[in-house]
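Asker:
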Amino acid sequence: MTDLAKRRITDMETRQRPLSLVLEILPGQAGEGLIDVYEPGSYEGMSLGKLIEETLGRTNWSIEDRQILDDIRRQMDGGRLICRGAEIQGNAQHWAVLEETESGEAYWYVAVRVIKPQEGGLCASDGVC
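The sequence shown begins at 966 in our numbering and counts up by one.
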């Protein structure tokens, strides 16, 4: 993702453009996640949660990607899906940010983190945690 120029969506006309959607699911605070690309029209009207389910349900991942998938599944056990600082709800385009490749091709990008609350810590003197 370092080769891509990011820019925020400010124009509703731009938001209506039929572009590919790139979904990245990141486990915890990891810098890399699983990436899935949806062709224009294939994700229209779908919730972000449904797209995440579809991506995680794929079986053709590389060995490296399967390790990331295992990390995501561990984080999902008791964790939450966060996008741009909020829990996800609604359709995927609501969360999308317009990005461009170096060659100028535009696409929608959605990064979702799976955050599991930290375990451990100290309990109160009465045993209540």
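All C-beta atoms, glycine included, are put in the ideal place defined by N, C-alpha and C.
Every value quoted in this text rests on a predicted model; they were computed, and no experiment measured them.
(1) Measure the alpha-carbon distance for TRP1060 versus VAL1075 and round it to whole angstroms.
(2) Using a Cβ-based criterion (distance less than 7 Å to any ligand heavy atom), does ASN1056 qualify as near the ligand SAM?
(3) Note down, in chain order, each residue of its chain lying with its Cβ closer than 6 Å to the Cβ of VAL987, except the 5 sequence neighbours on either side.
(4) When the distance is taken between beta carbons, is LEU984 closer than 8 Å to ILE990?
(5) Identify, in the order they occur along the chain, each residue of the same chain with its Cβ nearer than 7 Å to the Cβ of GLU978, setting aside the five sequence neighbours on each side.
(6) Would you be able to state if there are at least three C-beta pairs under 8 Å between the stretch 1008-1017 and the stretch 1049-1069?
(7) With 16 other CB atoms within 10 Å as the buried threshold, where does THR1066 fall?
(8) Mind checking whether VAL1077 and GLN1040 have CB atoms under 8 Å apart?
Answerer: The relevant details are as follows:
(1) Cα to Cα, TRP1060 sits roughly 6 Å from VAL1075.
(2) As far as ligands go, the structure on display features none, and thus does not contain the ligand SAM.
(3) Contacts found: VAL1002, TYR1072 and TYR1074.
(4) No, the pair does not count as a contact, with Cβ atoms beyond the cut-off.
(5) Any answer about GLU978 is weak, because its pLDDT of 46 lies below 50 and its placement is not dependable; what the coordinates show is given next. For GLU978, where only same-chain residues beyond five positions count, there are no Cβ hits under 7 Å.
(6) Enough Cβ pairs lie closer than 8 Å, so yes.
(7) Looking at its Cβ environment, which holds fewer than 16 other Cβ atoms inside 10 Å, THR1066 is exposed.
(8) Not in contact: VAL1077 and GLN1040 (Cβ atoms no closer than 8 Å).
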